[in-house]
Amino acid sequence: MTGALDLAREIILVAMTREGLIGAGNRIPWHVPQELRLFRRLTLGGTVVMGRKTFESLGRPLDQRRNIVVSTTLSETPGITLCRDFPGAVAAAAQMGGKVYYIGGREIYRLALERAELLRISWISGNYAGDRYFPAFDRNHWRLATAKDYGVFVHECHLRVA
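Quick note on this note's numbering: the sequence shown kicks off at 4 and runs consecutively.
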């Protein structure tokens with residue numbers, strides 16, 4: 004099973020509650036350092052694709068990663084490849100080679116659900132208030148491959164089956 008996980012090139016990487024909450028006022032509503040370390044370890048050396056609001060919430064490009072930002076309004080910014088639409092971001096990521104991580108927000112996730120081979124979900128424990136939710140998706144298109152309990156969150160890997 005690990006081989007299939009390693010072969011996946013296009014990966015959705017999301018942290019959310021069991022209710023699907025991913026954000027609150029353009030911020031992450033929880034602070035879980037262990038999950039942030041996992042995110043960093045997984046994405047280092049790869050390409051991260053994100054929307055403008057996600058980029059702005061980060062405040063800067065992520066180091067040691069190729070950053071692609073999808074936006075129709077953002078100006079050219081050092082350290083990022085700016086794409087005006089999602090297909091352009093997919094094409095730019097393909098040219099860069101290596102693994103591609105779709106890291107948010109909601110619209111990027113919605114579009115990536117149509118093409119990603121692997122869905123990595125960190126299920127965050129606890130109750131949080133927020134206003135942004137992961138898009139609905141057909142769970143029949145995904146098969147749980149691995150799960151690891153970190154205490155404050157459980158990280159699952161789901162492989163596309165359809």
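A virtual CB, placed ideally from N, CA and C, is assigned to each residue, including glycine. Being a predicted model, the structure only gives us computed values, none of them experimental.
In the DSSP assignment, find the beta strand (DSSP E) that holds R163 and state where it starts and stops. Numbered from its first residue, the sequence shown carries residue 163 at position 160. Its beta strand (DSSP E) spans residues F156 to R163.
Which residue spans inside the segment 54-97 form an unbroken alpha helix (DSSP H) run of at least 4? 55-61
Considering only the alpha carbon of each residue, which of A94, I71, D141 and G129 lies closest to G107? Taking the sequence shown and counting its residues from 1, the one referred to as residue 107 is at position 104. Ranking the options by Cα distance to G107, first place goes to I71.
Mapping DSSP to helix, strand and coil, what is R21? If you number the sequence shown from 1, residue 21 lands on position 18. R21 falls in the coil class under three-state DSSP.
Kindly indicate which residue of A96, R87, E13 and V157 has the alpha-carbon position closest to the one of S74. For the purposes of this step, residue 74 is identified with residue 71 of the sequence shown, where counting begins at 1. Taking only the C-alpha atoms, the option nearest S74 is R87.
Report buried or exposed for T149, applying the criterion of at least 16 other Cβ atoms within 10 angstroms of its Cβ. Your numbering for residue 149 matches position 146 in the sequence shown. T149 comes out exposed.
If contacts are defined as beta-carbon pairs under 8 Å, then G28 and D134 qualify, I think. What distance do you get, rounded to the angstrom? To locate residue 28, count along the sequence shown from 1; it is residue 25. To locate residue 134, count along the sequence shown from 1; it is residue 131. Between D134 and G28 the Cβ distance is about 7 Å, and since that is below 8 Å, they are a contact.
Range covered by the beta strand (DSSP E) that runs through R12: Position 9 of the sequence shown, counted from the start, is the residue given in the question as residue 12. Element bounds for R12: n/a, residue is neither H nor E.
Should the segment 80-98 be regarded as contacting the segment 38-48, the criterion being three or more beta carbon pairs within less than 8 Å? no
For R135, which of helix, strand or coil comes out of DSSP? In the sequence shown, residue 135 corresponds to position 132, counting from 1. The answer is strand: DSSP assigns R135 an E or B state.
Is F137 closer than 8 Å to G23 when the C-beta atoms are compared? Here residue 23 is taken as the residue at index 20 of the sequence shown, counted from 1. Here residue 137 is taken as the residue at index 134 of the sequence shown, counted from 1. Yes, these two residues count as a Cβ contact at 8 Å.
Here's the rule I'm using: 16 or more other beta-carbon atoms within 10 Å means buried, otherwise exposed. How should A96 be labelled? Numbered from 1 along the sequence shown, position 93 holds the residue referred to as residue 96. Buried, because 16 or more other Cβ atoms sit within 10 Å of the Cβ of A96.
Looking at C-alpha atoms only, which residue of G101, L10 and I31 is the closest neighbour of A132? Stepping through the sequence shown from its first residue, residue 132 is reached at position 129. The candidate whose alpha carbon is nearest that of A132 is I31.
Between L77 and I14, what straight-line distance do the alpha-carbon atoms span, to the nearest angstrom? By 1-based counting over the sequence shown, the position of residue 77 is 74. By 1-based counting over the sequence shown, the position of residue 14 is 11. Their Cα atoms are separated by approximately 24 Å.
Short of 6 Å in beta carbon distance, which residues of its chain neighbour Y153, apart from the five on each side in sequence? Order them along the chain. On the sequence shown, residue 153 is found 150 positions in, with the first residue counted as 1. Excluding positions up to five away in sequence, the list reads Q37.
Distance between N143 and F42 (C-alpha atoms, nearest Å): Here residue 42 is taken as the residue at index 39 of the sequence shown, counted from 1. Here residue 143 is taken as the residue at index 140 of the sequence shown, counted from 1. Their backbone Cα atoms lie some 25 Å apart in a straight line.
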